[in-house]
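Worksheet for the structure shown next.
Protein chains: 2
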Amino acid sequence: MSHQTKPAPLQVKAIGSFYVGGEIRTLTGLPIRHRVSTPGGPTYPVDPNGEVAVGQMYVHYVCLAAPRTPIPLLMWHGGGMTGANWETTPDGRPGWQWFFLRAGINVFISDAVERGRSGFAPYPDVYAEAPYFRTAKEAWEKTFRFGPAGSYHRASTQRRAHPDCRFPLVSFDTFMKQSVPRWDCNDALTQAAYDALVTTVGDCFLLIHSQGGNFGTHAALAAPDKVKAVIAIEPSGAPDPAKHDPSLLKDVPHLFVWGDHLEGNDFWEKYQPGARRWYEALIAAGAPATWIELPEQGIRGNSHALMMDDNSSQIAGMIMDWLLRTVPGAFSS
Amino acid sequence: MSHQTKPAPLQVKAIGSFYVGGEIRTLTGLPIRHRVSTPGGPTYPVDPNGEVAVGQMYVHYVCLAAPRTPIPLLMWHGGGMTGANWETTPDGRPGWQWFFLRAGINVFISDAVERGRSGFAPYPDVYAEAPYFRTAKEAWEKTFRFGPAGSYHRASTQRRAHPDCRFPLVSFDTFMKQSVPRWDCNDALTQAAYDALVTTVGDCFLLIHSQGGNFGTHAALAAPDKVKAVIAIEPSGAPDPAKHDPSLLKDVPHLFVWGDHLEGNDFWEKYQPGARRWYEALIAAGAPATWIELPEQGIRGNSHALMMDDNSSQIAGMIMDWLLRTVPGAFSS
């Protein structure tokens, strides 16, 4: 018998959002602003001094009517991005948010401090420098590894991607539209909000990407009783074993997943070793940790945007299998 | 028989997001940036020149398995805010997103251009001036009308709200955390993205708030064949009847809803008349338009944040009743 059936609807109990962390801060001494709302319109004075919110973090959630586990999955995006990364892929396929909801897990997606819906206070008092904003060339050649150094060109027809690149390159412009500026020297504020999120949510799984990998691995160290698993997708940083004790995490399984073409990429050749050092320290301390380089499993061509690559569902499936195998007690059958 | 039943789960077909509008722009002539990622860390040069995305808009959607109408509701927030406004209220009650999903309508929530997940390119080439950021005092006394002029105080215990204020003031700090900066003189870029959203989605209802009211009433004028109803919640602007022809909208029902305490508020005494003028022009042109001032119906104390006030569900219910009564053909019974 062969007939197509529509997928059953997702049974949802709640969709919503909240803010964690941050504080109300009083700004003083800023000059009166002479504001013009509309080009050619009147000028009127605005006093920017007073109380504003600083350092808070936006968290979106979808909770299922009957999840397979009471433990939610917290998804933390990477640098210069927002939680939109985890939603629909740039070429319109369901993203990892949908995959893990379908797999029966409640999903919480945050925007890092000063990005996306978390907002930012645009004053030197709060963020000393101007923000930094990634160009298409940097995304293509360095961070996301769609092609080798020198392969980006302003004209899309003249770009040279890795021949086996799995990112949906036809949607590269749409991908760039997900970019947001980021401030440097801001890690403490952001880490505090992530730590506050874990405290607020309680037991959780962390699915962390790139810069979010650094925040997530530190958050696990700060709350090894609450973080039940860490899935680090190409983390750009991790705790330094000389400063942090990996044995605190001996009951917290860690999975590290890496794509292709890191060799010869000067950005990743600089950043991957830090994550590797932390993985080895976890292993040495007896913590359950898994290190997967997809090319070693015959899966070639993945970029840094593993959650958007054309095999994103396959990789999400590998992660789900690892979760079920590693923390089986958390799931009902 | 009296027993409590759990509400039935929401039957969801899809949750995701996409970007509309905007373009890839090439920045040139910007000085090389000397970037420091971590306090005390090394300085390295970054070239900010190249291609970046400008003017795009983030749109989040929840689509139901069996909506009562094929026409989605597009929710457009006001100035200095993001789509988070429509999600959970600051004091944790379900927001209007959830209300209208429960009522059987697919809901699309966008972040205006240069706000939230829509991102912004932080360069004078793109946005000439520094952004503007609302203080707690301005929110309290002017924009959101929680109390009269002079009633805000830095210490929460010394603030004087309107005695009948319906905003959940205990959550005022959380409300402030939803704030984001906004750029002035940017309306054309934003309007283009909203117009692109209507073109992309097709038939739609618009639920628009404050500054979003100006964009939404103009979007209806630009696409009166697609916009099937406009629900304007305290719009801070509207088309000028001397420049725009309201008879284009003779088949597009408009509902205007206003809270309390506009009298004596210098901000709203300046901005409400523009919306009133457009409403009167619609009526004169034979367009179906409704103007509701809640105090005239005996509903007192509503702030500008009607979707967060303690009677937010009551007001959403009034809007839903108006929709069912005004465009009954759009809904299955």
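Listed in order, the protein sequences are those of chains A and B.
The first sequence begins at 58 in this note's numbering and counts up by one.
The second sequence begins at 58 in this note's numbering and counts up by one.
The beta-carbon is built from N, C-alpha and C at its ideal position, and this holds for glycine as well.
| Asked | Found |
| --- | --- |
| Cβ of P404/B within 8 angstroms of any chain A Cβ | For chain B, the structure presents residues 58 to 390; residue 404/B sits outside this window and is missing. |
| 7 angstroms Cβ cut-off: residues of chain A touching W155/B | I72 and G73 |
| Three-state secondary structure assigned by DSSP to A279/B | helix |
| Cβ-Cβ distance between V170/B and L246/B below 8 angstroms | yes |
| Own chain residues within Cβ distance below 7 angstroms of S228/B, not counting five before or after | P147 and D148 |
| Interface flag, S59/B vs chain A, CB-CB below 8 angstroms | Low confidence applies to S59/B: its pLDDT is 49, below 50, so where it sits in the model is not reliable, and the reading given next is rough at best. No, its Cβ sits nowhere closer than 8 angstroms to a Cβ of chain A. |
| Cβ pair P102/A, I89/A closer than 8 angstroms | yes |
| Extent of the continuous alpha helix (DSSP H) to which K461/B belongs | There is no way to answer for residue 461/B, as the model of chain B reaches only from 58 to 390. |
| Proximity to E80/A [Cα-Cα], best of A178/A, G204/A, R357/A and G135/A | A178/A |
| Neighbour flag for Y76/A against chain B, beta carbons, 8 angstroms | yes |
| Segments of 3+ residues assigned as beta strand (DSSP E) that fall wholly inside the region 146-210 of chain B | 164-168 |
| Alpha carbon of S360/B to alpha carbon of S167/A, nearest angstrom | 28 angstroms |
| 8 angstroms Cβ shell around G343/B - same chain, five flanking residues per side excluded | S304 and K307 |
| Cβ pair count under 8 angstroms reaching 3, the region 201-212 of chain A against the region 135-154 of chain A | no |
| Contacts around C261/A, its chain only, beta-carbon distance under 8 angstroms, and the 5 residues preceding and following it disregarded | I128, P129, L130, L131, F165, V255, K283, V284 and K285 |
| For G86/B, the nearest candidate out of G270/B, V69/B and G107/B (CA to CA) | G107/B |
| Nearest to L121/B (by Cα), restricted to the options M114/B, P66/B, V93/B and W143/B | P66/B |
| Contact list for L67/A against chain B, beta-carbon separation under 9 angstroms | P66, L67, Q68, V69, K70, A71, I72 and A122 |
| Sub-8 angstroms separation of I356/A and W315/A beta-carbons | no |
| Separation of R172/B from V237/A, as counted between CA atoms | 10 angstroms |
| P124/B versus N142/B: straight-line alpha-carbon distance, rounded | 23 angstroms |
| DSSP state of T247/B mapped onto helix, strand, coil | helix |
| V109/B: contacting residues in chain A (beta-carbon distance under 9 angstroms) | F190, R191, T192, A193, M233 and S236 |
| Cβ of C242/A within 8 angstroms of any chain B Cβ | yes |
| Contact set between V227/A and chain B, taken where Cβ atoms lie within less than 8 angstroms | Under the 8 angstroms cutoff, chain B gives no residues; its nearest Cβ is about 14 angstroms from V227/A. |
| Nonlocal neighbours in the same chain, by C-beta distance under 6 angstroms from T83/A, ignoring five residues either side | E108 |
| Residue from A387/B, D317/B and K234/B whose Cα sits closest to the Cα of Y76/A | K234/B |
| CB-CB length for A276/A against G112/A, believed under 8 angstroms | At roughly 16 angstroms, the Cβ-Cβ gap does not stay under 8 angstroms, so A276/A and G112/A are not in contact. |
| Distance, S175/A Cα to A406/A Cα | Given a span of 58 to 390 for chain A in the structure shown, any question on residue 406/A remains unanswerable. |
| Residues near D241/A by beta carbon distance below 7 angstroms, same chain, minus five either side | E186 and Y189 |
| Option in I162/A, E291/A, Y180/A and T257/A with minimal Cα separation from G136/A | E291/A |
| Contacts that G79/A makes with chain B (C-beta to C-beta distance below 7 angstroms) | K234 |
| Near-chain B residues of the region 275-298 of chain A (beta-carbon distance less than 7 angstroms), N- to C-terminal order | none |
| Status (buried if at least 16 other CB within 10 Å, exposed otherwise) for K194/A | buried |
| Under 8 angstroms (Cβ pairs) to chain A, residues found in the region 140-171 of chain B | G140, A141, E144, T145, G149, P151, G152, Q154, W155, L158 and D168 |
| Any C-beta of chain B under 8 angstroms from that of R174/A | yes |
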